[in-house]
Amino acid sequence: MEKAEIEENKQELNNNTAYYTNLKNRLINQHRNSMKVNYIYAVAEFILTLRLLSLLEIHKSLGTMLIALKYLMADVMKFVVILLIVIFGTSVAIYAMSFALNEWNADLPKIMNDFDWPENQDKLTNVTIPHVFATFTDTMRNVLWGTFGLLDIVNLKIENEQPTTEFHKR
Numbered sequence: 031m032e033k034a035e036i037e038e039n040k041q042e043l044n045n046n047t048a049y050y051t052n053l054k055n056r057l058i059n060q061h062r063n064s065m066k067v068n069y070i071y072a073v074a075e076f077i078l079t080l081r082l083l084s085l086l087e088i089h090k091s092l093g094t095m096l097i098a099l100k101y102l103m104a105d106v107m108k109f110v111v112i113l114l115i116v117i118f119g120t121s122v123a124i125y126a127m128s129f130a131l132n133e134w135n136a137d138l139p140k141i142m143n144d145f146d147w148p149e150n151q152d153k154l155t156n157v158t159i160p161h162v163f164a165t166f167t168d169t170m171r172n173v174l175w176g177t178f179g180l181l182d183i184v185n186l187k188i189e190n191e192q193p194t195t196e197f198h199k200r
């Protein structure tokens, strides 16, 4: 092959790559817009369903159940708000403790040197923070799922694993 032909093939390849990259970006943007429309449509359908349920209140047997369900949902929402406040507070406390542990690990050698405890210098160990509490969002997610007993076993580093944890880890 001649150099001119090689250069021509490279140019054609670059043109094709640019074309398909542009096409891919346009399709992704169209898909994003359609997803937004689908979300709006889903919310509208949910609201319409709630409005249709309110029409059933005039029915002899379904009406009393719907009224009871409205009061039940109000009570559930109160409980959910209280639960989220507790989970948020617990997450803030755990994250603040892990942040304080990082500072404590940095200050530990200075504190030990101030007290002149040479026999304890070799016993200095840093307290490690579990990686599942590395960021505030990780902390909130793990506290939320931990509240319901749904811990992510894959992300936890478990020592002395038992057969049951090995089974669930897969």
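Note that our numbering has the sequence shown beginning at 31, numbered continuously upward.
Where a beta carbon is used, it is the ideal one built from N, C-alpha and C, also for glycine.
Cβ-Cβ separation, residue j to residue i (assumed contact under 8 Å), whole Å
i, j, result
"I117", "T177", "6 Å"
"L102", "G93", "Not confirmed; about 15 Å, so no contact."
Limits of the alpha helix (DSSP H) - the one that residue i falls within
i, result
"F178", "Looking at the DSSP string, F178 is not in any alpha helix (DSSP H), and its letter there is neither H nor E."
When the options are compared against residue i, the one with the closest alpha-carbon
i, options, result
"P160", "A136, M103, N132, W175", "N132"
"K96", "L53, F109, L57, L82", "Sequence inspection shows Leu at residue 96; the Lys mentioned does not correspond to that position. That would be L82, whose Cα lies nearest to the Cα of L96."
Buried or exposed by the 16-neighbour rule on C-beta atoms within 10 Å, applied to residue i
i, result
"M170", "buried"
"N172", "buried"
"S91", "exposed"
"F163", "buried"
"Y125", "buried"
"R200", "With a pLDDT of 49 at R200, under the threshold of 50, the predicted position of this residue should be treated as unreliable, though the coordinate-derived value follows. The residue in question, R200, is exposed, as its Cβ has fewer than 16 Cβ neighbours within 10 Å."
Residue i versus residue j: straight-line alpha-carbon distance, rounded
i, j, result
"I74", "L80", "Sequence inspection shows Ala at residue 74; the Ile mentioned does not correspond to that position. About 10 Å."
"K140", "W134", "10 Å"
"K33", "K54", "31 Å"
"T158", "F166", "17 Å"
"V122", "L174", "12 Å"
"Y49", "E42", "10 Å"
"L180", "A136", "33 Å"
"K66", "R56", "16 Å"
"E37", "F129", "58 Å"
"N68", "L78", "15 Å"
"K108", "A98", "16 Å"
"V110", "A104", "10 Å"
"K100", "Y71", "24 Å"
"D168", "I115", "17 Å"
"Q60", "H89", "45 Å"
"I58", "L138", "52 Å"
"F76", "L113", "25 Å"
"S64", "M127", "44 Å"
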